[in-house]
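> Dumping the structure here so I can ask a few things about it.
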Amino acid sequence: MFAQAGIPVPREAVAQTQFAAKTIAQELGLPVVIKAQVLVGGRGKAGGIKRVARIEDVQPVAAEILGMNIKGLKVEKVLVSECVDIKSEFYVGITIDRGARQPVLIASAAGGVEIEEVARTSPEKIHRCTIDPLLGLVPFQARNIGMRLCQEAKLAQQFTAIAQKLYRLFIERDCSLVEINPLVLNADGNLLALDAKVNFDDNALFRHPENEALRDLNSEEPIEIEAKKAGLSYIKLSGNVGCVVNGAGLAMATMDLIKRFGGEPANFLDVGGSSSPDKMALALRIILSDPNVRAILVNIFGGITRCDDIAQGIILARQQADIKTPLVVRLVGTNADQAKEILATTPILWADTMSQAVKMAVAKAREAR
Amino acid sequence: MSILIDENTRVIVQGITGRDGTFHTRMMRNYGTKVVAGVTPGKGGQEIEGVPVYNSVAEAVQATGADTSIIFVPAGFAYDALLEAILARVQLVVCVTEGVPTLDAVRAIVVARSHGVRIVGPNCPGIISPGKAKVGIMPATAFKRGCVGVVSRSGTLTYEIAANTNEFGQTTVIGIGGDPVIGTNFIDCLKMFQDDPETRAIVLVGEIGGSDEENAAQYVRQYVTKPVFGFIAGQTAPPDKRMGHAGAIISSGSGTAIEKIKAFQSAGIEVIYEPEELNQKLRARL
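Same order as they appear, the protein sequences are chains A and B.
According to my numbering, the residues represented by the first sequence are 1 to 369, in order.
According to my numbering, the residues represented by the second sequence are 1001 to 1286, in order.
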């Protein structure tokens, strides 16, 4: 993607097997660098990046990296690159500055390490400028940062060209983050992107079908994917009180209250705005698939979400499976009275307020343990 | 008084012929809001819920003198709808639409600023000045006219919090939206509540991510003389997967619930941990 954008990169190719890695290394000439291709940061620290000088070492090193697990992700591919003679390393990235409500170009002379680290330890090494989205990244802005970074006009010019291409990539693909880390100065006096990262704006995926193909579903929790498909937003946690809530803010507040009253939330789950009984039933199924869950708390403040839909969903879930886990329910707002009628004969525990509901669910989870 | 909207606010609904647009037009009218026009390109001349529909916002403004617009169009069309409202010179645009691409919001906000138009949202429940008008999707029963100003990044949590201030009621409740880039932030609302003589206390409902709460805390310390209460959601939330790691550099050391709570406390904002404490805490200060 970065090469396509016209950003200079080392010669390199992706291998899925140790044998392919060797063939690529032969074509590039030794030494080469072999890097794990996984969708997380911190690969270098985890041992997922290795320099290889002899052709006979390529296969074993590639095999070793290919079998690795980095932050829970299995390495399926490696990138084999020509070895670049590095004189210095920089960081350059573009993201959205939420406070300024504009894109921001960030650069640092401390390349190769994680930028959060630099921000913590030596914030003075970080240069930034916000970008007017109607003007784009104007050459002088990039040049000024380039000068501060490289102290040399010729390099600053190279930096400007790279930063502008990076900005174009950021805009054209609707990114939330693009970064080159490290951007290196090689022995020939040229700047080269040695490693890069890009995050896309989830909200803009609908106009970038090409990004969907880049998605590695193996790196996402299968149950979280299933939830997402149904329009639920679910994140598994390690506690034992499952919760179904409408709205992300209320869902977080419910989790916080579980913790405050001595329990541990098993998940974050937002059933979303316009709920249907099917969605609610799926939400309960997802939570029940977590073996740690000892009690379930349903906390709904009906607005667009109708409480009768939620009630029908509970009935539906009980028809689909024999639910033994205690269910604490608190429903207020749109059609709450109807919901209570629907659930009149269902064995659930009713609560009137959020605090009461949370206390009951925490107590039930404790009893069941 | 109330802020942003009142009984004289004249509202256009963009996307009035859609399911949500039609439903909430009815709900807003039932509440007493002056919904004077709807806009759906190609459907001009119709009437929805007793409201005349126009093909463009400019026509609707000209015909009805509307000063506020609320947007219900799908995410892919929200940018166009925002620009249309801004260029038709309404004063306030409330964008309910969820899932608007961040860069679209960024561009629309720049244009809005240069035209002196306020955007609230995107991805927000809207605004309600209880007893006067509602330009949004919140259930009316959660609110009551009174003296507390509420501003929140959330939807349903806003209703929960507001319902727990009902001993005192609210002047205006604003949901500013949960997206990373939004048109109106906490400080904008704090300013208006501080200047509003009827508002006697302010409740800020924040959540993890970004540094709007920290900025708000600083503002409160310097300029706000009314009692301010703060609630932060997400103390037990895992790091947001969507937040790229250059996001962390922008907030450098801020963005977690703990830091926001600390910022609140050091600015003299009384932190609320349980929504149900609010009435009682208000009683102690008012």
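C-beta atoms are modelled at their ideal positions from N, C-alpha and C, and glycine is treated no differently.
None of these values were measured; they are calculated from a predicted model.
Along the alpha helix (DSSP H) that carries B/Phe1193, what are the first and last residues, could you check?
Taking the first residue of the second sequence as position 1, residue 1193 of chain B is located at position 193. Taken as a continuous stretch (DSSP letters only), the alpha helix (DSSP H) holding B/Phe1193 covers Phe1186 to Asp1195.
> For the region 1121-1151 of chain B, which residues have a beta carbon sitting closer than 8 Å to at least one beta carbon of chain A?
Cβ contacts with chain A come from Pro1125, Ile1137, Met1138, Pro1139, Thr1141 and Ala1142.
> For chain B, check one thing: does any of its Cβ atoms lie closer than 8 Å to the Cβ of A/Met280?
Translated into positions along the first sequence, residue 280 of chain A becomes position 280. Not one chain B Cβ lies under 8 Å of A/Met280.
> Pull out every residue of the region 1170-1200 of chain B whose Cβ sits closer than 9 Å to any Cβ of chain A, in chain order.
Against chain A - using a Cβ distance shorter than 9 Å - the residues of the region 1170-1200 of chain B are Gly1178, Asp1179, Pro1180, Val1181, Ile1182, Gly1183 and Asn1185.
> In whole angstroms, give me the CA-to-CA distance for B/Gly1255 and B/Glu1214.
Here the question's residue 1255 of chain B lines up with position 255 in the second sequence. Here the question's residue 1214 of chain B lines up with position 214 in the second sequence. When rounded, the distance between both Cα atoms is 9 Å.
> What are the complete alpha helix (DSSP H) segments, minimum 4 residues, inside the region 21-68 of chain A?
List check, alpha helix (DSSP H) in window: 55-66.
> Whole angstroms is fine: what's the gap from B/Ile1109's alpha carbon to B/Gly1175's?
Locating residue 1109 of chain B in the second sequence gives position 109, counting from the first residue. Locating residue 1175 of chain B in the second sequence gives position 175, counting from the first residue. Spanning the two alpha carbons is a distance of roughly 17 Å.
> Would you kindly work out how many angstroms separate the C-alpha atoms of B/Met1138 and A/Ile300, rounded to a whole number?
For this step, residue 1138 of chain B is matched to residue 138 along the second sequence. For this step, residue 300 of chain A is matched to residue 300 along the first sequence. Taking the straight line joining both Cα atoms gives about 14 Å.
> Counting contacts by CB-CB distance shorter than 8 Å, is B/Thr1102 in contact with chain A?
If you number the second sequence from 1, residue 1102 of chain B lands on position 102. It does; some Cβ of chain A falls within 8 Å.
> Going by other Cβ atoms of all chains shown within 10 Å of its Cβ, with 16 needed for buried, is A/Asp352 buried or exposed?
Looking up residue 352 of chain A in the first sequence gives position 352. Flag for A/Asp352 reads exposed.
> For B/Ala1085 and chain A, any beta-carbon pair shorter than 8 Å?
Here the question's residue 1085 of chain B lines up with position 85 in the second sequence. Closer than 8 Å: no.
> Would you kindly report the start and end of the unbroken beta strand (DSSP E) that includes A/Ile287?
By 1-based counting over the first sequence, the position of residue 287 of chain A is 287. Here A/Ile287 belongs to no beta strand (DSSP E); instead the alpha helix (DSSP H) covers Pro277 to Leu288.
> Within the 8 Å Cβ cut-off, does A/Lys259 reach chain B?
Counting from one through the first sequence, the residue named residue 259 of chain A turns up at place 259. With 8 Å as the cut-off, A/Lys259 counts as an interface residue toward chain B.
> Quick check on A/Gln320: buried or exposed, where buried means 16 or more other Cβ atoms within 10 Å of its Cβ?
Walking along the first sequence from the start, residue 320 of chain A turns up at place 320. Its Cβ having fewer than 16 others within 10 Å, A/Gln320 is exposed.
> Specify the secondary structure class of A/Gln16 as computed by DSSP and reduced to three states.
As a working mapping, residue 16 of chain A is identified with position 16 in the first sequence. Three-state result, A/Gln16: coil.
> Cβ of A/Pro182 less than 8 Å from any chain B Cβ?
Here residue 182 of chain A refers to the residue found at position 182 when the first sequence is read from its first residue. Judged by the 8 Å Cβ criterion, A/Pro182 is not in contact with chain B.
> Scan the region 154-185 of chain A for residues whose Cβ lies nearer than 8 Å to a Cβ of chain B and list them as they occur along the chain.
The region 154-185 of chain A vs chain B, Cβ under 8 Å: Ile171, Asp174, Ser176, Leu177 and Glu179.
> How far does the beta strand (DSSP E) with A/Val178 in it reach, from first residue to last?
Along the first sequence, read from residue 1 onward, the residue named residue 178 of chain A stands at position 178. From DSSP, the beta strand (DSSP E) with A/Val178 extends over Cys175 to Asn186.
> Starting from the beta carbon of B/Leu1157, find every residue of chain A whose beta carbon is closer than 7 Å, and list them in chain order.
If you number the second sequence from 1, residue 1157 of chain B lands on position 157. By Cβ distance, chain A contributes Gly247, Gly249, Leu250 and Ala253.
> Does the distance from the C-beta atom of B/Glu1276 to that of A/Met354 stay below 8 Å?
To locate residue 1276 of chain B, count along the second sequence from 1; it is residue 276. To locate residue 354 of chain A, count along the first sequence from 1; it is residue 354. Taking 8 Å as the Cβ cut-off, B/Glu1276 and A/Met354 qualify as a contacting pair.
> Contact criterion: CB-CB distance below 8 Å. Does A/Phe437 meet it with respect to chain B?
Missing from the structure shown is residue 437 of chain A; chain A here goes from 1 to 369 and no further.
> Between which two residues does the beta strand (DSSP E) containing B/Ser1266 stretch?
In the second sequence, residue 1266 of chain B corresponds to position 266, counting from 1. Taken as a continuous stretch (DSSP letters only), B/Ser1266 belongs to no beta strand (DSSP E), being part of the alpha helix (DSSP H) at Ala1257 to Ser1266.
> Enumerate in chain order the residues of its own chain whose CB-to-CB distance from A/Ala119 is below 7 Å, with the five nearest sequence positions on each side excluded.
For the purposes of this step, residue 119 of chain A is taken as the residue at position 119 of the first sequence. Taken in chain order, the residues that qualify are Ile126.
> Give the C-beta separation of A/Ala283 and A/Gly239 to the nearest angstrom, bearing in mind that I take them to be a contact with Cβ-Cβ under 8 Å.
For the purposes of this step, residue 283 of chain A is identified with residue 283 of the first sequence, where counting begins at 1. For the purposes of this step, residue 239 of chain A is identified with residue 239 of the first sequence, where counting begins at 1. The Cβ separation is near 17 Å, so there is no contact.
> For A/Leu183, count the other beta carbons within 10 Å of its own beta carbon; 16 or more makes it buried, fewer makes it exposed. Which is it?
Residue numbering aside, residue 183 of chain A sits at position 183 when the first sequence is read from its first letter. Buried, because 16 or more other Cβ atoms sit within 10 Å of the Cβ of A/Leu183.
> Quick check on B/Asn1215 - is its C-beta less than 8 Å from some C-beta in chain A?
The sequence position of residue 1215 of chain B within the second sequence is 215, counting from 1. By this cut-off, B/Asn1215 is an interface position.
> Classify B/Glu1007: buried if its beta carbon has 16 or more other beta carbons within 10 angstroms, exposed otherwise.
The residue labelled residue 1007 of chain B in the question sits at position 7 within the second sequence. Counting Cβ neighbours within 10 Å, B/Glu1007 comes out exposed, since fewer than 16 surround it.
> Taking the alpha-carbon positions, what's the B/Ser1152 to B/Phe1143 distance?
Residue mapping note: residue 1152 of chain B aligns to position 152 of the second sequence, counting from 1. Residue mapping note: residue 1143 of chain B aligns to position 143 of the second sequence, counting from 1. In a straight line, the C-alpha of B/Ser1152 is about 14 Å away from that of B/Phe1143.
> Please decide whether B/Glu1270 counts as near chain A, where near means a Cβ-Cβ distance under 8 Å.
The count along the second sequence starts at 1 and reaches residue 1270 of chain B at position 270. No, no contact with chain A.
> DSSP on B/Glu1167, reduced to helix/strand/coil?
Locating residue 1167 of chain B in the second sequence gives position 167, counting from the first residue. If DSSP states are grouped into helix, strand and coil, B/Glu1167 belongs with coil.
> For B/Tyr963, name the three-state secondary structure that DSSP assigns.
What the structure shows of chain B is the stretch from 1001 to 1286, and residue 963 of chain B is not part of that stretch, so it cannot be assessed.
> So what's A/Thr353 in DSSP terms, helix, strand or just coil?
On the first sequence, position 353 is the one that residue 353 of chain A refers to. A/Thr353 falls in the coil class under three-state DSSP.
> Taking 8 Å as the CB-CB cut-off, is A/Arg207 touching chain B?
Within the first sequence, residue 207 of chain A is the residue found at index 207, counting from 1. Yes - at least one Cβ of chain B is within 8 Å of the one on A/Arg207.
> Please report the straight-line C-alpha distance between B/Glu1047 and B/Thr1040, rounded to a whole angstrom.
As a working mapping, residue 1047 of chain B is identified with position 47 in the second sequence. As a working mapping, residue 1040 of chain B is identified with position 40 in the second sequence. The straight-line gap from Cα to Cα measures roughly 11 Å.
> A/Thr345 versus chain B: which residues are under 7 Å apart at the beta carbon?
On the first sequence, position 345 is the one that residue 345 of chain A refers to. What A/Thr345 touches in chain B: nothing, since even the nearest Cβ is about 27 Å away.
> Under the rule that 16 or more other beta-carbon atoms within 10 Å means buried, what is A/Gln16, buried or exposed?
To locate residue 16 of chain A, count along the first sequence from 1; it is residue 16. Exposed is the call here.
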